[in-house]
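Each residue of the sequence shown is one higher than the last, beginning at 320 in the working numbering. Note that the Cβ used here is the ideal one computed from N, Cα and C, for glycine as well. This report refers to the structure that appears directly beneath it.
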Amino acid sequence: GVFLMSAATDYYNTYPTYRSGKDPEEIVSANITAAAAKGYDALYAGHLADYQELFGRVELDFGEEPSGKTTDVLLAEYKAGATSRELEILLFQYGRYMLIASSREGSLPANLQGVWNETNSPPWSSDYHINVNLQMNYWPVYNTNLVECAIPMIEYVDSWREPGRETAKIYMG
């Protein structure tokens, strides 16, 4: 069987209301209905086409062929002093995939710990720490040719202008 899931919110990053006025239940229902109508094969093909268009722009090649070893085996070998760079390549590509999956036009930027957090009560509430933690999510955007993934972060920072002016007025006159 196929398990379909959708999530939505009425949060919208516009000062001062921060609400879209859209009913999240209606959004979820429409998304599930549309996904079910496509079926698994079309959804999978669409996902591959979507992410591979971005993912396929960069290749990291240290002259090694992939061994097919699992991540836990690669990590154990790495800790034992292996000279293969396969783990670095895997982590490089994994980071790019997570950014592609979590920071796309029309969304909020990737947050401190991402949507893959294993707990409902994560450290720092899995929020936005506007310091190096958030910046590190976006370090590879330009040099790995994922400029589209920077748009949510740029728009998010830009959205602080108006409330920032209000804060400055209150504190600085």
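Check: LEU379 and LEU393 closer than 7 angstroms at C-beta; Outcome: no
Check: Three-way DSSP call (helix, strand, coil) for ARG338 in this model; Outcome: strand
Check: C-beta atoms of VAL476 and CYS468 nearer than 7 angstroms; Outcome: no
Check: Alpha-carbon spacing of THR438 relative to ASN462, whole angstroms; Outcome: 32 angstroms
Check: GLU372 versus HIS366 - alpha carbon distance; Outcome: 10 angstroms
Check: Three-state secondary structure assigned by DSSP to TYR413; Outcome: helix
Check: Counterpart residues of TYR330 in DSSP-defined beta bridges; Outcome: ARG338
Check: Assigned exposure category for SER422 - 16 Cβ within 10 Å defines buried; Outcome: buried
Check: Coarse secondary structure for GLY420, derived from DSSP in three states; Outcome: Sequence inspection shows Ala at residue 420; the Gly mentioned does not correspond to that position. DSSP places ALA420 in helix when its eight states are reduced to three.
Check: CA-to-CA distance, ASN332 to GLY400, given in whole angstroms; Outcome: 47 angstroms
Check: CB contact flag (ASN464, VAL377, <7 angstroms); Outcome: yes
Check: Simplified DSSP state of PHE374, which is helix, strand or coil; Outcome: helix
Check: Presumed contact (8 angstroms Cβ cut-off) between SER445 and LEU431, rounded CB distance; Outcome: 6 angstroms
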